[in-house]
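Asker: Quick one: this structure, given as structure tokens, is what I'll be asking you about.
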Amino acid sequence: MHRNLPFGTPIIGAEERAAVQEVLAGPILVHGPRAVKFEEDFAAYTKALHAVSVSSCTAGMHLIWFTLGFGPGDEVIVPAQTHVATAHAVELTGARAVFVDCEHRTGNIDLSALETAITPKTRAIAVVHFLGLPVDMPQVMEIARKHKLFVLEDCALAVGSKLDGVHAGLMGDAGVFSFYPVKHMTTAEGGMVITRNAELATDLRLRKAFGVDRTHGERKIPGTYDVVALGYNYRMSELHAAIGIEQVKRIPGFLAQRERNYCALSNALTSVPGIGLLASSDIRFKSSYYCASVILDEAIAPLRPDIIGQLNVRGVGTSVYYPQPVPRMTYYREKYGWKDGSFPNAARISDHSIALSVGPHLTEDDMMYTADALQEVLKGLKS
Ligand SMILES: *Cc1c(COP(=O)(O)O)cnc(C)c1O
């Protein structure tokens, strides 16, 4: 039986629709109670002290570097294997993204290479929990403390990722989440910063809303306020927050289904020759199971377009995370240059991997279908 298994589909129910309708029926579209409640609920879920809603993960990361005052002459260490947003957030301030390769086994930033990339200009480190697998944060923090660097965790794929029981985003100085449709939960567009640092949270609230000194509710005479700093408009609307409040309730169910799917798929793939999976073997590192990243062996890697095409014909949706090491993307290549053979582990993931979905819109039975399809396609190549 042929199936149609899209890589990612947002799961929006009657609750989200009703919540949006309720906002639309009222007068308050921004500056309302829903953004506040969403922040409280997300903080409660992650056990964060402070949560600040923003218009996207990219906006949240940019806001942090902007608020810290980074600019030309400053450097921030960024993994070569990530979404371009991690690097763009730095570059938007005029600071320089200094790229570091990833580990072969997990796709996470290579900690030994990280320390050698630090220069007197380095102000911060950005790490990405790659596909939801937590970075070894205690080691990152040890390096950061030694060199007095700020640490930002890009948690775009890390809702539910934990290290020693601590949620991703709480081990560095700040963590930033994405609620784009194919992530673990969605608000259509949206993001959240979590942090232990009260002063940083207050600064971010100021800077995400033009640098205005008091919120809408705090204005004694309507329409009166002062502006005490430069800032953006990176707020989240009440419509987006209303969806978020409902989606937070679904996180435990979403994550449980992802884990079941991931286990079923990875078990079914262990006996398949010619491939490997990015993973950690250490149970201290709890993944959010964003997807199963299948790495093709050297010999069949050049056939990837054909393999993907045949999987798609069988109804198995796929993706590639991420399609290029960021420094190889045209914008960065033209700015900083690119040498073939640099960032080999990041290049291997971009050039040799196929991302298979384990999303909560799929079942364990769909995972069997996916594994069978991949096995069939790979067998067909060799005959
Ligand atoms: C999706 C993604 C982003 C961008 O998130 P937006 O909310 O779309 O800005 C940033 N970093 C990583 C690792 C991502 O996967």
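Taking our numbering, the leading residue of the sequence shown gets 2, the next gets one more, and so forth.
Every residue gets a Cβ at the ideal spot worked out from N, C-alpha and C, and that includes glycine.
#1: In angstroms with no decimal places, state the Cα-to-Cα distance between Pro274 and Met369.
#2: Applying the 10 Å Cβ sphere with the 16-neighbour rule, what's the burial state of Gly14?
#3: Excluding the five sequence neighbours on either side, which residues of its own chain have a C-beta within less than 8 Å of the C-beta of Leu278, listed in chain order?
#4: Going by CA-CA distance only, name the one from Leu150, Val152, Asp227 and Met138 that's closest to Val167.
#5: Which residues does DSSP list as the beta-bridge partners of Ser54?
#6: Across the stretch 357–375 and the stretch 307–320, are there enough close Cβ pairs to call them in contact, namely three or more that are closer than 8 Å?
#7: Is DSSP giving Pro80 helix, strand or coil here?
#8: Within the same chain, show all residues whose beta-carbon is closer than 8 Å to that of Asp111, passing over the 5 residues directly before and after it, in chain order.
#9: Let me know if His63 comes out buried or exposed under the rule of 16 or more other beta-carbons within 10 Å of its beta-carbon.
#10: Can you tell me the Cβ-Cβ gap for Tyr323 and Ser351, rounded? I've got them flagged as a contact below 8 Å.
#11: Between which two residues does the alpha helix (DSSP H) containing Ile252 stretch?
#12: Can you tell me whether DSSP reads Ser354 as helix, strand or coil?
#13: Tell me where the beta strand (DSSP E) around Arg124 begins and ends.
#14: Which runs of the beta strand (DSSP E) fall wholly inside the stretch 353–382 and span at least 3 residues, in chain order?
#15: Measuring only from the beta carbon, is Ser56 closer than 6 Å to any heavy atom that is part of ligand 1?
#16: Tell me the residue span of the beta strand (DSSP E) that contains Ser343.
#17: Quick check on the DSSP output: the beta strand (DSSP E) that includes Arg97 runs from which residue to which?
#18: Distance check for Arg285 and Pro135, CA to CA, integer angstroms please.
Answerer: According to the structure data:
#1: 16 Å
#2: exposed
#3: Counting only residues of its own chain and dropping the five nearest sequence neighbours on each side, Leu278 has a CB closer than 8 Å to the CB of Ser267, Leu270, Ala293, Ser294, Val295 and Ile296.
#4: Met138
#5: Met193
#6: yes
#7: strand
#8: Val101, Asp102, Cys103, Glu104 and Asn346
#9: By the neighbour-count criterion, in which 16 or more other beta carbons inside 10 Å mark a residue as buried, His63 falls on the buried side.
#10: 6 Å
#11: In the DSSP annotation of this structure, the continuous segment of the alpha helix (DSSP H) that includes Ile252 starts and ends at Glu239 to Leu270.
#12: strand
#13: Thr123 to Val129
#14: 354–358
#15: No.
#16: No beta strand (DSSP E) holds Ser343; DSSP gives it neither H nor E.
#17: Arg97 to Val101
#18: Near 9 Å, if we compare the C-alpha coordinates of Arg285 and Pro135.
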